[in-house]
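For the sequence shown, the residue numbers in this note's numbering are 19 to 207.
Positions of the beta carbon are idealized from the N, C-alpha and C atoms, including for glycine.
Given the structure is predicted, the values throughout are model-derived calculations rather than measurements.
Taking it in order: structure first as structure tokens, then the write-up.
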Amino acid sequence: MEMKKIFLIAFGALVMVGQANAALFHWADGNGHYYEYVQTSLNWHDAKIAAEEAHGYLAVITTNAENLFVWDTFNHPMGAWLGGYQHPDVSLPYGSWNWITDDGWDWTEWQPGEPNDGGDGVEDNAENHLGYNSNYDYRTWGDFHYSNLRKYIVEYDTNPSLVPIPAAFWLFCSGLLGLIGLARRKKAA
Ligand SMILES: [Ca+2]
Ligand SMILES: [Ca+2]
Ligand SMILES: [Ca+2]
């Protein structure tokens with residue numbers, strides 16, 4: 019393989035590594051956490067599992083500042099899942115909401131009229147999961163049925179790319195050195 023080709027491949031791989039986490043946003047002026055708006059639509063439970071498999075969790079929005087940061091950073095993610103849920107035995111729409119973390123349910127930003135256990139009006143307590151409201155272009159929340167397929171916001175306490183990227187990078191470098199060595203040996207032969 020020509021050196022030129024090797025370096026073109028190398029450059030392409032580096033660009034790909036760089037872009038793999040391009041969707042991460044660091045709230046440097048706030049809690050120091052990282053956020054990602056995942057564009058795959060899943061039900062609430064599957065979104066929760068996917069976030070955890072990525073070493074994060076569905077976003078837990080505990081202050082007005084955090085809500086503003088997430089809403090503006092992701093350009094108004096209407097309808098996106100967040101990490102709030104309600105105990106299914108509670109009959110009042112407002113009662114007994116929780117975050118999936120240990121954070122207290124202290125600050126809220128409900129859309130007026132939400133939570134409403136809306137849906138078809140037949141099933142009691144039908145809407146027990148939290149997301150940004152999907153009807154108004156404003157940073158307020160609604161309760162939704164878990165089976166809705168929605169995009170979702172992931173929050174990370176620390177940068178999740180710090181572990182995989184250096185590993186991938188060094189693996190890549192050692193492969194590149196091997197290729198260069200091979201090319202040189204071929205030339206010499
Ligand atoms: Ca948070
Ligand atoms: Ca409910
Ligand atoms: Ca609702």
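Using only the alpha-carbon positions, how far apart do Asn-85 and Arg-157 sit? 7 Å
To test your reading of the DSSP string, which unbroken beta strand (DSSP E) runs of 3 or more residues are found completely within the region 140-176? 147-150, 159-162 and 168-174
Neighbourhood of Gly-196 by C-beta distance below 6 Å, restricted to the same chain and skipping five residues each side: Result list for Gly-196: empty, nothing under 6 Å.
Among Pro-95, Asp-90 and His-63, which residue has its Cα nearest to the Cα of Tyr-103? For the residues Pro-95, Asp-90 and His-63, the minimum Cα distance to Tyr-103 belongs to His-63.
Taking the runs of the beta strand (DSSP E) that are 3 residues or longer, which of them lie wholly in the region 90-147? 99-104 and 115-117
Would Ala-65 and Tyr-170 qualify as a contact pair, given that the criterion is a beta-carbon distance under 8 Å? yes
Ligand 1 heavy atom lying under 7 Å from the CB of Asn-49: yes
Residue burial classification, Ala-41 (beta-carbon count within 10 angstroms, cutoff 16): exposed
Using the DSSP secondary-structure output, state which residues sit across from Val-88 in a beta bridge. Beta-bridge pairing links Val-88 to no other residue.
Assuming the contact rule is C-beta atoms closer than 8 Å, Trp-117 and Gly-101 should be a hit. Round their C-beta distance to whole Å, please. About 6 Å separates the two Cβ atoms, so the contact holds.
Pick out every residue whose C-beta is nearer than 7 Å to a heavy atom of ligand 3: which are they, in chain order? Glu-132, Pro-133, Asn-134, Asp-135, Gly-136, Glu-145, Gly-160, Asp-161 and Phe-162
Going by Cα to Cα distance, which pick from Asn-153, Asp-107 and Ser-59 is closest to Gln-129? Gln-129 has its Cα closest to that of Asn-153, out of Asn-153, Asp-107 and Ser-59.
Below 8 Å on the Cβ atoms is my contact criterion, and I expect Trp-89 with Gly-149 to pass it. Report the Cβ-Cβ distance as a whole number of Å. Not a contact, Cβ separation roughly 12 Å.
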